[in-house]
Structure formats: C-alpha cells, structure tokens
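Heads up, the thing below is written out as structure tokens.
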Amino acid sequence: MKSWKNRLKDEIDKIVPELSDEVKNAPIPVNYETMDNGGNTVALIRKKPVIITATAIFLALLCAIIACIYIFKPKNGDIFMFTVEINPAVCIVTDGDGKVTGVSSVNVDADVILSADGIKQNIIGKTADEAIVFYTDLAARLGYIDFSGCDSAMRVSVCGGKDAQKLLNKTHIALKDYFTNKGVFVAVLTESVSKDELAVRGGVPHALPVADMADLVFNRKTLYADREAEGASIEEIRAFYRETVLKNGLVDIVGNSLKDNIEKLKANAADIQRLFGLYQEIYSHEDNPAMLLKDYWEVKKYYGDALTGEFALLINEMDAALIKYEADYGVKITSSAELLEAVRSYASISFEQLSAFLENFSFELFEKFSAELSEIIKITGILPDSVLWLLELPETVGEYSAKMLSALSSEYAVRTENYANIYSMPREPLTTESYESFISAIEEKYGSLEDYWDNLKN
Amino acid sequence: MDKRQIDKLLVKMSHGDNAAFGELYERTKKGVFSFLYSYLKNYENTEDAMQFVYLKIKLSIGQYKYGTNGSAWILQIAKNQALNEINKSNRIDYSYNIAVPERTTVDSGSVIDIMNKVLTDDEQRIVVLHVLWGYKHREIAEQLGCPTGTVTSKYKRSIAKLKQALREVEE
C-alpha cells in the first residue's frame, strides 16, 4: 500500500498542467548591456532609457495618498478614490478604514510599475499614506520623477466621502515632507474634484457614483495594456503594440545598437559576401558530386567523407569560414536558407545605405526595412533573441500578453539600473523656506500650480 | 527538492538557457501547483496561475540574486500571484489570456481532495512545503513567519487528520 505522501505526489503528477506554448517559447531576457558574443564582449546600447508613453486618450489623474501629520481615519462606509499622476498614472481605491483595496494603471507607464512582481501586493492592504509613499518612491527610482532638476510636478486628485478635502490636505503635506526629506524640488498639486472629472482622470469610461467607479476600478484588469486588448481585434492589438512597444521603445534600442556596432556591421557585410562567394563556388564547381542538392550543407551531409582534391579543399575553406563567423558573431549559419536570407537583406539595404540611414534613423525607416534590419541584427548577434522576439508583432492575444509583459519587465529593469545613481545620490534635505520659495517662484511665473501643471503636460 | 540544483538552473536560465527553464519547471511544478492551490482552492484558477508564475520566473530572472534561496524566490512569486488573485472579488479573469493546455480535475477521495477538506490553509501549506519542497520545519517557519514549534505541532496535527480522513474514505 502506497504511503499517502507517494499517493499525493502521484496525484499531483497527473493533474499538473503542461506549460503553454506562449510560456515555453517566451525568450529569457538576458542582460543585454553586455553579451558574450563568441568570446567578444559586445556593449549593447542602452544609454538612454526607453520611454514607453501612454496613448493620449487617457490622461490619467492619479492621486497619491500621503502620510499625514494627523491620523485620519475615514468613517466606515466612506470610499475614497484617488488618482496619482506623475507621468505613470494610477487609480487607487480605499475602503472605509482607509486601507487600499484596489489599484490599477491609467497609462502604460504605470504598467511598467504595477506589472513588476509583488508591487501590487505591496500596495494593497497598506494604509493610504503608506501606499502612496511607496508608489511615489518607486516612480522616483524608475526615473519618472526627475530628481536631478527643478522642473517636476505631480498631481493628486480625490473624490469620495465628505472628508475627502481633509485627507487631501494631509496628503499634500505628506508629499511635501517626502520630497523635502529627499532634498528634491518637486511641486505637488492636489485637487478635490467632481466625480465627472475623476472619471476622466481615472480612465473610467463614464462618470458613475463614486462607489460604482471604485468598484469598476477594483474589478478591472490592473494593467492598461490588458484593458486595451479587451474586446479588440488582433489588428487593433497589433497597432497598439506597434505604437507603445515598438515606436515608443524598441526602435530606439535597435537604432542605437546598429549605430554602436557600425564597424561590426561593416565587417559582417563583408563576411556574408565572402561566405556567399564560397557558397556559389561550391555550388557551381565541376567536381560537385551532388545531382540536385548542390549547396555546401547538403554536400557535406551526403558526401562529407568522400570528397577529394580541389573540391574537398573548397569545402574545408567553407568549414573554416563558418567556424570563424560563429566565433566572431556568436551566430551559427546552419543552412543555405539562413545564408541567403542574410545576403538578401544586405542586397536590399546595403551597408552604405544603412550607414546613411542611421544618421537619420526613425520609426518609419525601421518599419520600411524591418525585415532586413531584423535579419541583419539576427545574423550579427548584436541584440539578443529576446529583443528580436519583441520586434515581431504579435499574432495572437496570448502572444501579445506575453510580449507586453516581457517589454514591461525589461523597461522596469533598465530604468532601475539607469536611474539608480541619480536616485541614490546624497542630498541635503530641503528647508521649509527653500521649498516654499520654489513654489512661490512657480506661482509667480505661471500664475498658479494648476497652470504650471498644464504647461508641463502640454 | 534539491535547492542547490534549483539555484544552478536559475543561473543557467540567466544566460538564456531555455532548456534549463524546462528542467526547472519539471522539478518545481508539483510544489508550485500545490502551493498555489493552497491559496486559490480552485483547480481552474490554479492552473491558470501556474502559467503566469512561470512566465514571471522567466521574465524576472534578472532580479534573482544567485546563491540565495532559489526555491524561496520561486515561492514568493507564486505567493504574490496567488494573493493578487485572491484580492479580486469577481471571478478571476487572468489578464494575459495565455492559452492553458487541456485541463483536468481531481477525484473526490484523493489525497489532494482530502487535504483541501480537512486541513486549514496554513496546515496545507506546511504539508506542501515539507512533503513536496523538502523544507525542514525551521525553514517553513521562516517562510510562513511563525515559530518553528508552531510548524512542528501543526504538521503533526495535519498528518493525524489526514491519516484519519484517509482511513475513513477507505472503509
């Protein structure tokens, strides 16, 4: 009689599902700042961050709940709905005890934050002030708040129970304390708004009673990118992906990678030509024993040990050239199809043309030559497969979801790295006077913080 | 479950080795599934959550610090995913629409079914972590944030309940 432990293991064995194709095939994002490439370290480009910005449709309001001087506890039954807008915009809902019950993105930049593992769980259940400090600090770590200058602002909006204005005042003070302690000048605009206005700011399709809006925010998908895909056709999803991931993100990586590896591309173009020359020579050689499949790979497969004389030397030369190619680029060419694809790519966009294009690289250029550029990138190994995978538009909703998650994850990792120094630079805390002077100067120049905000965002 | 082996596989994954990911899945799938189930109580949701957890493992590999506890890292991802779903009030509708292969169910009277019926959530987790993950009671206590003595007594109690319930089913 089997022990219960073995029975348990057997039962689970039978019901554990297999991984889906989307998960199996999703490439592993290798750190693409440096990549071993056949022994050579290639510095891949990521000098400037990829900014994934939301479409202009939903300008989100987001409020941050800030730690307060007073202990403010909303009455049971009150619901508060906040939007916090930095550039990543999120909507936060609290229950009557002031604890966060739901949070969702209002734009794709917020998806970068909320899609990261554990972030949403860390926000939900916290008191409002804890949650908002946590969120604002995350945005700062990812470079969404400019810690290096004096031209940043954030806006917090609230709608809800009758104590909303009191909560907002405390929120304002708590945010001010956060920034002054960090030693950074960031203006904080706080507004108590109507439910109609909050609906616009929170990306709610139409104004509802606050409790219903809060339910809607609580129940909807957390990420803006997922909500965009709901009910959309695959063409609409591909268009959204193209706009947010390719145009506003990856195309910069591609362009910069190509520019940074221009000499490598030049060498590669020459090497591909040489390989092709050998390929053609082998194909048309009078001593080629094959009747139909005369290319190098087929000849080696069927006649490898039987070759002699000059033809055998030619095959050896091709052997050596391919081994060297793999050593130089980390890419193994294993078939005539792969070699011819590379040849075609360089035929469509010669190295000279590519150099000229890179001077004025743009998304339109990238789209026009995306197949050739992808092939060149693949054959030179200057970007990892995970990035190449993201360059292809998704064919299914599942693939879109997996690619979007991968892109968001990469963005999070790169931003964290890129902004680490700026965020953690030691700064003297600001005095109350210096911060108030900063605000006064803004109000003098722009008329009000609202006008300053509008100026920054438009 | 060999924790050192898991760490080695995570290291290989960080270099882009997808085969290592496949092996990691084979080694950890039972433990992750059972752990998720102890939270979600629902096979459909657990199976969906599995896909998402492993996708997260793949995409977050850069965040794992090598030489630290790989299995604990995986469990944390699973726990976060489970809590994320529990916090929703409506029927869980996974954001990512990742196609889940053909589903199956568990028979009534099976060990899994009985565990779900007679053990508390904590007791289920302790049994899963000990039996399927090979964690010692001290390690489980660290994982769950409770004293080791509590884990030991809960584990003993769970085994007693389970054995009693299994006997009753067989009679």
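Top line first, the protein sequences correspond to chains A and B.
In terms of this note's numbering, the first sequence opens at residue 32 and continues consecutively.
In terms of this note's numbering, the second sequence opens at residue 23 and continues consecutively.
C-beta: ideal position from N, C-alpha, C; glycine also.
Inset, instruction - State the Cα-Cα distance for the pair A42/B and Y255/A, rounded to the nearest angstrom. - result: Distance between the alpha carbons of A42/B and Y255/A is about 32 Å.
Inset, instruction - Could you work out which residue in K34/B, Q103/B, N91/B and T90/B is closest to Q73/B when comparing CA atoms only? - result: Restricting attention to K34/B, Q103/B, N91/B and T90/B, the CA atom closest to the CA of Q73/B is found in Q103/B.
Legend entry - Proximity of R186/A and V115/A at Cβ, strictly below 9 Å: The criterion of a C-beta distance shorter than 9 Å is satisfied by R186/A and V115/A.
Inset, instruction - Leaving out five residues on either side along the sequence, give the residues of the same chain with a beta carbon under 8 Å from the beta carbon of R125/B. - result: Summary for R125/B: the model assigns pLDDT 43, below 50, so the residue's position carries little reliability, and this model does not support an answer.
Inset, instruction - Would you list, in sequence order, the uninterrupted alpha helix (DSSP H) runs of no fewer than 4 residues that lie entirely inside the region 291 to 317 of chain A? - result: Along the length of the region 291 to 317 of chain A, whole alpha helix (DSSP H) runs at least 4 residues long occupy 293 to 315, reported in chain order.
Inset, instruction - Quick one: grab the DSSP three-state call for Q27/B. - result: If DSSP states are grouped into helix, strand and coil, Q27/B belongs with the helices.
Inset, instruction - Could you tell me whether the Cβ atoms of V362/A and Q304/A are closer together than 9 Å? - result: Going by C-beta atoms, V362/A is not nearer than 9 Å to Q304/A.
Inset, instruction - Within the same chain, show all residues whose beta-carbon is closer than 6 Å to that of W420/A, passing over the 5 residues directly before and after it, in chain order. - result: Take W420/A, set aside five residues on each side of it, and the residues of its chain with a beta-carbon closer than 6 Å to its own are P58, in chain order.
Inset, instruction - Kindly list, in the order they appear in chain B, the residues whose Cβ is closer than 7 Å to that of A444/A. - result: The contacting residues are G84.
Legend entry - Any chain B beta carbon closer than 9 Å to Q152/A: So, interface residue.
Legend entry - Proximity of Y333/A and L324/A at Cβ, strictly below 9 Å: Yes. Within cutoff.
Legend entry - Unbroken alpha helix (DSSP H) run spanning I144/A, endpoints: V139 to L145 is the span of the alpha helix (DSSP H), which, as asked, contains I144/A.
Legend entry - Close Cβ partners of V131/A (< 8 Å) along its chain, the five nearest in sequence each way excluded: I96, I123, V124, T125, I154, I155, G156, K157, T158, A159 and A162, listed in sequence order.
Inset, instruction - Mind listing the chain A neighbours of G38/B? Cutoff is C-beta to C-beta under 8 Å, in chain order. - result: The contacting residues are P58, I59, V61, P415, D416 and S417.
Inset, instruction - Please compile the residues from chain A whose C-beta is within a distance smaller than 9 Å of the C-beta of Q27/B. - result: Around Q27/B, no beta-carbon contact reaches into chain A at under 9 Å, the shortest distance being about 18 Å.
Inset, instruction - Could you check which residue in A147/A, I150/A, D227/A and S179/A has the C-alpha nearest to that of S455/A? - result: Comparing Cα-Cα distances from S455/A to each of A147/A, I150/A, D227/A and S179/A, the minimum goes to S179/A.
Legend entry - For N40/B and L31/B, the rounded distance between their alpha carbons: Each residue's alpha carbon lies about 10 Å from the other.
Inset, instruction - Could you tell me whether the Cβ of V362/A comes closer than 9 Å to any Cβ of chain B? - result: It does not: the Cβ of V362/A has no partner Cβ on chain B nearer than 9 Å.
Legend entry - Top-ranked residue by Cα proximity to S440/A, from V143/A, D44/A and T463/A: Relative to S440/A, the option among V143/A, D44/A and T463/A whose CA is nearest is V143/A.
Legend entry - Assigned exposure category for M349/A - 16 Cβ within 10 Å defines buried: It counts as buried.
Legend entry - C-alpha distance - V133/B paired with K158/B, whole-angstrom precision: For V133/B and K158/B, the gap between their C-alpha atoms comes out near 22 Å.
Legend entry - Contact residues within the region 60 to 71 of chain B, judged by C-beta distance below 8 Å to chain A: Going along the region 60 to 71 of chain B in chain order, one finds Y65 and E69 with a Cβ nearer than 8 Å to chain A.
Legend entry - Cβ of Q98/B within 9 Å of any chain A Cβ: Yes, because at least one Cβ of chain A sits closer than 9 Å to the Cβ of Q98/B.
Inset, instruction - Please state whether DSSP places I470/A in a helix, a strand or coil. - result: If DSSP states are grouped into helix, strand and coil, I470/A belongs with the helices.
Inset, instruction - Specify the secondary structure class of M456/A as computed by DSSP and reduced to three states. - result: Under the three-state reduction of DSSP output, M456/A falls in the coil class, being neither helix nor strand.
Inset, instruction - Drop a sphere of 10 angstroms on the beta-carbon of N212/A, count the other beta-carbons inside from all chains shown, and report buried for 16 or more, exposed for fewer. - result: Classification of N212/A: exposed, given that the 10 Å Cβ count is below 16.
Inset, instruction - Return no unless some Cβ of chain A is closer than 9 Å to the Cβ of N138/B. - result: Not one chain A Cβ lies under 9 Å of N138/B.
Legend entry - Cβ pair count under 8 Å reaching 3, the region 388 to 408 of chain A against the region 432 to 451 of chain A: Touching, no, given that fewer than three Cβ pairs across the two stretches are closer than 8 Å.
Legend entry - Per DSSP, cross-strand counterpart(s) of L220/A: Partner(s): R186/A.
Inset, instruction - Output yes if chain A places a C-beta closer than 9 Å to the C-beta of S132/B; else output no. - result: So, interface residue.
Inset, instruction - Return no unless some Cβ of chain A is closer than 9 Å to the Cβ of L184/B. - result: Yes, its Cβ sits closer than 9 Å to a Cβ of chain A.
Inset, instruction - May I have the straight-line CA-CA distance separating K399/A from G214/A, to the nearest angstrom? - result: Roughly 47 Å between the two C-alpha positions.
Inset, instruction - Could you list which residues in chain A have their beta carbon closer than 8 Å to that of L77/B, in chain order? - result: Result: E53, V54, A57, A433 and L436.
Inset, instruction - Name the one or two DSSP bridge partners that C122/A has. - result: According to DSSP, C122/A bridges with T114/A and S135/A.
Inset, instruction - Could you tell me which residues DSSP puts in a beta bridge with G191/A? - result: G191/A pairs with F111/A.
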